[in-house]
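Heads up: the structure comes next, in structure tokens.
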């Protein structure tokens, strides 16, 4: 206990939202190695997301992985990442519902929206996993396009997948080339 009499945050919080998930570029979040391997998460790491690791793809909910597809079996990988024309989606997620309430919109969402992440394996098998976006309004168009191009590049270039073992550095480089709006 600290001198103020409060207890430190329980380790349970680390399972819900990984503390290491600090660098994010649009839909992509860097995840440090905690035994499962370093990864770039596609989607909200506190909910449904797909971990892009140097050895393969892992669907996950929070910190709990739930499957695995090695890169050598991936022929195609794409995602319908929601995009918006709004330059600041976080602001739109706050202002949008307020305006909807003022002007009499429904203002309700039955369930948390997700977007599909589709995988086609070398044997022709098709998988579809779901990922939860960070923003209801979608991501900036450029951020969504960069993520889509990254997925295609990782499938096409086996040598590029090593970058996934250093996710903070990789997303740092992506952040440098994207506009700050």
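Numbering (our numbering), first residue to last: 192 to 372. For glycine and all other residues, C-beta sits at the position ideal for the given N, C-alpha and C.
Nearest candidate by alpha-carbon position, reference residue i, set the options
i: residue 367; options: 349, 344, 334; result: 334
i: residue 341; options: 250, 364, 315, 325; result: 364
i: residue 217; options: 358, 303, 359, 338; result: 338
i: residue 343; options: 224, 219, 261, 269; result: 269
For residue j and residue i, the rounded distance between their alpha carbons
i: residue 236; j: residue 309; result: 18 Å
i: residue 257; j: residue 303; result: 20 Å
i: residue 325; j: residue 315; result: 31 Å
Presumed contact (8 Å Cβ cut-off) between residue i and residue j, rounded CB distance
i: residue 329; j: residue 273; result: 4 Å
i: residue 241; j: residue 234; result: 6 Å
i: residue 259; j: residue 239; result: Incorrect: roughly 16 Å between the Cβ atoms, too far for contact.
Three-state secondary structure assigned by DSSP to residue i
i: residue 310; result: strand
i: residue 357; result: coil
i: residue 342; result: helix
i: residue 229; result: coil
i: residue 363; result: helix
i: residue 269; result: strand
i: residue 352; result: helix
i: residue 337; result: helix
i: residue 214; result: coil
i: residue 332; result: helix
i: residue 255; result: strand
Distance CB(residue i)-CB(residue j) smaller than 8 Å
i: residue 355; j: residue 244; result: yes
i: residue 266; j: residue 311; result: yes
i: residue 231; j: residue 362; result: yes
i: residue 275; j: residue 331; result: yes
i: residue 359; j: residue 263; result: no
i: residue 351; j: residue 345; result: yes
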